[in-house]
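In my numbering, the protein residues as written are 739 to 1104. Everything below concerns the one structure shown next.
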Ligand SMILES: Cc1cc2nc3c(=O)[nH]c(=O)nc-3n(C[C@H](O)[C@H](O)[C@H](O)COP(=O)(O)OP(=O)(O)OC[C@H]3O[C@@H](n4cnc5c(N)ncnc54)[C@H](O)[C@@H]3O)c2cc1C
């Protein structure tokens, strides 16, 4: 094969980990990331809302090294420090709007949810550190893959929306299969059953939205509360302490209302309703945050498709192939959802990348 370069589509955890493995194996690669930042669903921000090296997670916060040793091993390999999710203190349950929230003694939960010092983006930064910067191209959106004699032609739009054809001997699509099916065209087209499989594979957490309120003090601790709450009243369904290891205080919650309802409300009324709920649960100090941030992943076209609004849930782990026919020895799917273990999770992104790189090395006969 003349062109020996493997193209990775997507610079989330799976794409970056695939890049690491290819780089370690001495294989030429280039990674195309559509956003101007890498990390994908991993997004750590500071109080101003800018991506940060020490901050608050609008995407994943937790990993479970005991249940998911693969992610624990990567965290150790990269020399990252972790800490336990704050859970000391009572939890609160809001059952209905006409009842005051009830507090309960929290039960010790095993295995503990772990967080990374700095935020989950510490994982992204550590992976970037060991990769050649010129091979990680941000602002490059792949729109078409075409089989050609020596591999695959990728049609890619750059920051200025100018499309060019880039060549690769093989492609690892490190993005959710549902998003791949909805946004990338194939020549020749993918098999109808395979397209259906990709379309019907839900993208984990794509329908979700997270709200973060940053405070000067963790006043809920002084009241003997852990920060953990569940609510059937809403708009937040589940709330947790989001304070950083460096001592910045925050609470975060997952919105419990649908993507369509969220879009109808708009951000400001939602923010007011979230703060009012935090005040019901944690007291009036919750009404005076230093900053609030809200991320609706369902409204982000580089994570979610229209289908994620109506069909969601856990991915069923699959060991059978994700690609068939003439594409099978050129294209490998490597996003977390394609992992044979823990699909949809950070741990799944690691396992999916490992599997995709192993298959690619066979395909390019290394
Ligand atoms: C709110 C939220 C909370 C979560 N909480 C947890 C948690 O606590 N623990 C856990 O284990 N997991 C959690 N997850 C899931 C976790 O974030 C994912 O498993 C993981 O980040 C997936 O990584 P990935 O690389 O497979 O996909 P992604 O992160 O989605 O990366 C795909 C990348 O492809 C890029 N892309 C898309 N289309 C194109 C294109 N056409 N061309 C080029 N690039 C493209 C995207 O911009 C993106 O960067 C959470 C997710 C969300 C949204």
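Don't be surprised by glycine CBs; every beta carbon is placed ideally from N, CA and C. Predicted model, so just to flag it, every value in this text is computed and none were measured.
Cα-Cα separation between residue i and residue j, rounded to whole angstroms
| i | j | result |
| --- | --- | --- |
| residue 900 | residue 894 | 8 Å |
| residue 838 | residue 878 | 51 Å |
| residue 1033 | residue 1103 | 43 Å |
| residue 817 | residue 852 | 15 Å |
| residue 989 | residue 1037 | 22 Å |
| residue 1047 | residue 997 | 6 Å |
| residue 1029 | residue 952 | 5 Å |
| residue 782 | residue 795 | 4 Å |
| residue 1070 | residue 1098 | 7 Å |
| residue 1139 | residue 920 | A query on residue 1139 cannot be resolved here, the shown segment of the chain reaching from 739 to 1104 and no further. |
| residue 896 | residue 1058 | 34 Å |
| residue 764 | residue 924 | 29 Å |
| residue 748 | residue 917 | 11 Å |
| residue 814 | residue 805 | 15 Å |
Reference residue i, options the options, closest by Cα
| i | options | result |
| --- | --- | --- |
| residue 807 | 1079, 1096, 1099 | 1079 |
| residue 905 | 1089, 743, 1095 | 743 |
| residue 993 | 1016, 962, 948 | 948 |
| residue 937 | 915, 754, 1073 | 915 |
| residue 849 | 842, 809, 830, 803 | 803 |
| residue 1050 | 943, 963, 1073, 1012 | 943 |
| residue 964 | 984, 974, 1012, 1019 | 1019 |
| residue 983 | 819, 976, 1040 | 819 |
| residue 929 | 998, 913, 1061 | 1061 |
| residue 978 | 763, 768, 824, 1075 | 824 |
| residue 1082 | 886, 897, 798 | 798 |
| residue 773 | 940, 805, 880 | 880 |
| residue 831 | 969, 801, 868 | 969 |
| residue 741 | 766, 842, 753, 829 | 766 |
| residue 752 | 1090, 1100, 1096, 1101 | 1090 |
Three-state class that DSSP yields for residue i in the structure shown
| i | result |
| --- | --- |
| residue 1057 | coil |
| residue 998 | helix |
| residue 749 | coil |
| residue 1090 | helix |
| residue 886 | strand |
| residue 993 | strand |
| residue 909 | strand |
| residue 739 | Because the pLDDT at residue 739 is just 46, under 50, the model does not fix this residue reliably, and the value given afterwards should be weighed accordingly. Looking at residue 739 - three-state DSSP - the assignment turns out to be coil, as it is neither helix nor strand. |
| residue 1031 | strand |
| residue 1083 | coil |
| residue 836 | coil |
| residue 771 | strand |
| residue 814 | helix |
| residue 969 | strand |
| residue 1011 | helix |
| residue 776 | coil |
| residue 744 | strand |
Identified DSSP bridge partners for residue i
| i | result |
| --- | --- |
| residue 822 | 852 |
| residue 981 | Paired residues: none, contrary to the question. |
| residue 893 | 882, 903 |
| residue 923 | 882 |
| residue 948 | 992, 1033 |
| residue 987 | 953 |
| residue 789 | 783 |
8 Å Cβ cutoff, residue i in contact with chain D
| i | result |
| --- | --- |
| residue 752 | This model lacks chain D altogether; it includes just one protein chain. |
Exercise for the section: Would you check if there are 3 or more beta carbon pairs closer than 8 Å linking the region 782 to 797 to the region 844 to 860? Expected result: yes
Practice task
Decide if the region 881 to 894 is in contact with the region 1052 to 1069; the criterion is three or more beta carbon pairs, one per stretch, under 8 Å apart.
Solution key: yes
Handout entry: Inter-stretch contact at 8 Å, needing at least 3 Cβ pairs: the region 1001 to 1015 / the region 741 to 758
Key = no
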